[in-house]
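These notes concern the structure reproduced below.
Number of protein chains: 2
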Amino acid sequence: MNLIEKELYHVEKMIKADVVKEKSIKEIYKYIFKSDGKKIRARLNLISSSINRKKKNRIKLAAIIELLHTATLVHDDVVDDSSFRRGNESVNNIWSNAHGVLIGDYIYSKAFIYMVDVGKKEILKELASATNDISQGELVQLDAINNQEITLTKLKRISYFKTGRLFEAAARTGALLAETKPIYIKNISECAKNIGILFQIKDDLLDYSLSNDIGKPVFQDLKEGKVTYPFFFAYKNADKNTKKTLSNNLGNKKANTKDILRLIQAHDGISKTEDLAKKFHKNAIISAKKIDNLKIQKEMIELAQLAYEREK
Amino acid sequence: MNLIEKELYHVEKMIKADVVKEKSIKEIYKYIFKSDGKKIRARLNLISSSINRKKKNRIKLAAIIELLHTATLVHDDVVDDSSFRRGNESVNNIWSNAHGVLIGDYIYSKAFIYMVDVGKKEILKELASATNDISQGELVQLDAINNQEITLTKLKRISYFKTGRLFEAAARTGALLAETKPIYIKNISECAKNIGILFQIKDDLLDYSLSNDIGKPVFQDLKEGKVTYPFFFAYKNADKNTKKTLSNNLGNKKANTKDILRLIQAHDGISKTEDLAKKFHKNAIISAKKIDNLKIQKEMIELAQLAYEREK
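This is how it looks when you write it as structure tokens:
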């Protein structure tokens, strides 16, 4: 186990240890944190703050990032009416939408309590801004539902706000905690932002896969009417008739996924999205190489690689 | 217009002025803040901070309190599946649950951005703790649904957490901003807490009324299966058969409200709840009289009176 892994273990321990007495809250809270996610955002935060390992509150800050991320996931499942998360049933599925909304608020405000403990104004500011941007990204995405006319600019903005932004904030707050040079803060934040957007693009790609191994149902975006990159590119390249077929299947819970995937592939939806992923991967590597701490540079490149190659 | 009214006008202006460019978010945001609520919490906050009118950020802090309150209302409407709020259709009704969840998160994180601007650690701490308690109160209330065996202690805890807590935090943060004596902070917070609990008890009472004038549908608690004070006291006093009738109507959307109200009245459900309201009103007055600024003392007593006598 390397150092970051050990630290992540402590992050997990901290999150799991701090539970209220109230039985019903405890039960849902424990359920949410029982399945250990990849914690890629907390990891990013720890890598970033590792430039000054002696600083206090490194574990707590990583826990904050993980809590914030989890709060948005729980709310997302209500928003998307999803029944599964990381291969497990979602809170809104086992309990109810009401429980999903409220436990999300509970986790978010808990993160907020931790932030006040850490007590650095620039960190609070960045996390307040990031969580506000995330909600904006999600709200803009609701507009994108059943909207074939959405622009690439808007899609990129959604990817940045709903995913890239927290990656960026994880890196920036880690660097802020470490009280390091502004150029380090800038480079690692830029790199993290690119990794985050890449992560989202891969997410959109994985949703258009026939595999059952990715831990959640596939073709959800299409079925929910959510226009993402693969659909967007294919639709743009399609002739009038194909456009019609694609439109008819957007938001169709019973869409024939094999046929649709074939259409999307035939109209370069997958390959163009892969090109975009490649581009953000490249940007991530370029910004990583500007980080003048070689160990951290290497770890960021590995993260970019992980995001680029992930199959689930 | 007295000073507090003028200040409340500026609170409203501040909230309404600060909107993102994104058209769809703007539209929902404006809709939420178009109907001017009573702003009793913001008022309380301004009264509390008025002990030192020269302090910066008094308007901003009151806006924060109002934003936090509004965020919880918007989420509450999703949680309770309510179609109306203050006589207007709810966000989840006009748009969707998804919009309700996300715009609630947006407003909450916006309040958080303002808080960082104000930048006082004790204020951040109090508001983080209060918002966490509110979500706990709401979660505990979900347990109370269709639960006739709930205790009076638990009901009081729900009233405190879901309503009293933000009243208390509004007063405490106002006093903290004013940088006044600890005894003032203590007395005004205690008074506000009592007013808040009283406010909630009156809310529970008003739900058991046959009037259509209260700006929202009545008998919602009963129909949602929510055990509140009137039901609780009546159920406790009822014989076996009446208990059965009451139970059968709990959570029954088609309950005969006239008959149920008669049963609840006959078993002292209303009068006992009124006694409880009287008790918290008295406590509020007692703690108000400890406040050694006579102007503020008078304003707090007026607020307690307003909460006690409100008919909507």
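Keeping their order, the protein sequence lines are chains A and B. Read left to right, the first sequence gives residues 1 to 312 (the numbering used here). Read left to right, the second sequence gives residues 313 to 624 (the numbering used here). All C-beta atoms, glycine included, are put in the ideal place defined by N, C-alpha and C.
Residue i at chain B interface by Cβ criterion, 8 Å
i, result
"Leu142(A)", "yes"
"Phe219(A)", "no"
"Tyr106(A)", "yes"
"Ile113(A)", "yes"
"Gln251(A)", "Strictly speaking, residue 251(A) in this sequence is Gly, with Gln absent from that position. Chain B contact via Cβ: absent."
"Lys162(A)", "no"
"Gly225(A)", "no"
"Ser83(A)", "no"
"Glu22(A)", "yes"
"Glu66(A)", "no"
"Ala17(A)", "no"
"Lys110(A)", "yes"
"His75(A)", "yes"
"Ser49(A)", "no"
"Lys156(A)", "no"
"Ser135(A)", "yes"
"Asn293(A)", "no"
"Lys121(A)", "yes"
"Asn45(A)", "no"
Below-8 Å beta-carbon distance, residue i vs any chain A residue
i, result
"Val413(B)", "yes"
"Thr443(B)", "yes"
"Ile462(B)", "no"
"Ile337(B)", "yes"
"Gly508(B)", "no"
"Val323(B)", "no"
"Gly399(B)", "no"
"Glu450(B)", "yes"
"Val430(B)", "no"
"Ala375(B)", "no"
"Leu436(B)", "yes"
"Val403(B)", "no"
"Ala596(B)", "no"
"Ala440(B)", "yes"
"Ala482(B)", "no"
"Asn458(B)", "no"
"Ala550(B)", "no"
"Ala410(B)", "yes"
Buried versus exposed, by CB contacts within 10 Å (16 or more), residue i
i, result
"Arg477(B)", "buried"
"Gly449(B)", "buried"
"Arg41(A)", "buried"
"Leu522(B)", "exposed"
"Gly174(A)", "buried"
"Asn132(A)", "buried"
"Ile318(A)", "Outside the shown range of chain A, which is 1 to 312, sits residue 318(A), and nothing can be said about it."
"Pro217(A)", "exposed"
"Ala307(A)", "buried"
"Asn92(A)", "buried"
"Leu61(A)", "buried"
"Leu303(A)", "buried"
"Tyr184(A)", "buried"
"Asp417(B)", "buried"
"Pro230(A)", "buried"
"Asp239(A)", "exposed"
"Lys162(A)", "buried"
"Thr228(A)", "buried"
"Ile94(A)", "exposed"
"Tyr9(A)", "exposed"
"Leu314(A)", "The structure shown does not extend to residue 314(A), since chain A is modelled only from 1 through 312, so no value can be given for it."
"Gly100(A)", "buried"
Worksheet item: Where are the beta strand (DSSP E) runs, 3 residues long or more, that stay fully inside the stretch 376–458 of chain B, in chain order?
Response: none
Fill in: Start-end ranges of the alpha helix (DSSP H) lying completely within the stretch 199–238 of chain A, minimum 4 residues
220–224, 229–237
Practice prompt. Report yes or no: do the stretch 118–130 of chain A and the stretch 145–155 of chain A share at least 3 C-beta pairs separated by less than 8 Å?
Written response: Flag = no, the stretch 118–130 of chain A and the stretch 145–155 of chain A do not touch.
Worksheet item: How about the stretch 379–387 of chain B and the stretch 358–366 of chain B: do they share at least three Cβ pairs that are nearer than 8 Å?
Response: no
Discussion item. Taking 8 Å as the cut-off, does the stretch 387–397 of chain B touch the stretch 421–428 of chain B (at least 3 CB pairs, one atom from each stretch)?
Written reply: no
Worksheet item: Can you find at least 3 beta carbon pairs, one from the stretch 282–290 of chain A and one from the stretch 190–197 of chain A, that sit closer than 8 Å?
Response: yes
Worksheet item: At a cut of 8 Å, does the stretch 18–32 of chain A reach the stretch 271–285 of chain A through at least three beta carbon pairs?
Response: no
Discussion item. For the stretch 602–612 of chain B against the stretch 576–583 of chain B, do three or more pairs of beta-carbon atoms, one drawn from each stretch, fall closer than 8 Å, so that the two count as touching?
Written reply: no
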